[in-house]
């Protein structure tokens, strides 16, 4: 149990659907992250929130929309996705954005876009 | 050029063999941090170890050991007497400050898939 939960664990959606991924951390951390993990590619950082403020957006297409209502919850809203968006989406949290802090990861949501 | 290079894509060993996973990094910063994570088939990355750039002391934790050498920009990970439960993808990562200097970003290597056969 890492203290970071993600729902759903698996999601299949069509290109015209709208869905949301949810992440919750029970560690009292202030920073939360979304990563994309595709086959044979390094983990790609998508978004970072620190104290509920978005501090990083790594040129992610607008069909991915993050939301951080409080320090414990992070959402990723999905709209009009493409098949190449199929991947494992990992949420992580850390105490803050200091370099020494390890990130704690959730189990991920396996997304398939048809 | 990749900031974190894990040249071994896949390694397969037989149980009880020792195995070393290589990691080479690239940075211009004098202050940075290095991490190793393990990703079992269940999916979540599990933190194993961190090192800051000023601490080159090697570390041993049970069957795991890490060799940090700034001179070669390497942070290698050795598993002694490997076990089937060690089978996973292992990621090396580098944490560097952004241009503002206050926020750090973690950059991962592509990972090494370790398979330990009985």
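Chains as they are written, first to last, in the working numbering: chain V, 19 to 132; chain R, 961 to 1078.
Positions of the beta carbon are idealized from the N, C-alpha and C atoms, including for glycine.
Within 10 angstroms of the Cβ of residue 68 of chain V, are there 16 or more other Cβ atoms? Answer buried if so, exposed if not.
Position 50 of the first chain, counted from the first residue, corresponds to residue 68 of chain V. Residue 68 of chain V should be labelled buried.
Neighbour flag for residue 1019 of chain R against chain V, beta carbons, 8 Å
As a first step, residue 1019 of chain R is located in the second chain; it is residue number 59 there, counting from the start. Not an interface residue.
Secondary structure, beta strand (DSSP E): runs of 3+ residues fully inside the segment 994-1041 of chain R
1006-1012, 1019-1021, 1024-1029 and 1034-1039
Amino acids of chain R, ordered along the chain, whose beta-carbon sits closer than 9 Å to that of residue 92 of chain V:
Within the first chain, the letter at position 74 stands for residue 92 of chain V. Within 9 Å Cβ-Cβ: nothing; residue 92 of chain V doesn't reach chain R, min ~15 Å.
Run through chain R and tell me which residues come within less than 7 Å of residue 106 of chain V, C-beta to C-beta.
Here residue 106 of chain V refers to the residue found at position 88 of the first chain. The answer, in chain order, is 1003.
From what residue to what residue does the beta strand (DSSP E) around residue 52 of chain V run?
Indexing the first chain from 1 puts residue 52 of chain V at position 34. Per DSSP, residue 52 of chain V belongs to the beta strand (DSSP E) from 49-55.
According to DSSP, residue 72 of chain V sits in a beta bridge with which residue or residues?
By one-based count along the first chain, residue 72 of chain V stands at place 54. Partner(s): V:67.
Give the residues from the segment 40-58 of chain V that approach chain R closer than 8 Å (Cβ to any Cβ), ordered along the chain.
58
Which term fits residue 1014 of chain R, buried or exposed, when burial requires 16 or more other beta carbons within 10 angstroms of its beta carbon?
Numbered from 1 along the second chain, position 54 holds the residue referred to as residue 1014 of chain R. With fewer than 16 other Cβ atoms within 10 Å, it is exposed.
Distance cutoff 8 Å, beta carbons only. Does residue 1066 of chain R sit that close to anything in chain V?
The residue given as residue 1066 of chain R occupies position 106 in the second chain. Answer yes: the Cβ-Cβ gap between residue 1066 of chain R and chain V drops below 8 Å somewhere.
Please list, in chain order, the chain V residues whose beta carbon lies closer than 9 Å to that of residue 1057 of chain R.
Mapped onto the second chain, residue 1057 of chain R falls at position 97. When 9 Å is used as the limit between beta carbons, residue 1057 of chain R is near these residues of chain V: 117, in chain order.
For residue 69 of chain V, go through chain R and note every residue whose CB falls closer than 7 Å to its CB, in chain order.
Here residue 69 of chain V refers to the residue found at position 51 of the first chain. By Cβ distance, chain R contributes nothing, its closest Cβ being about 11 Å from residue 69 of chain V, past 7 Å.
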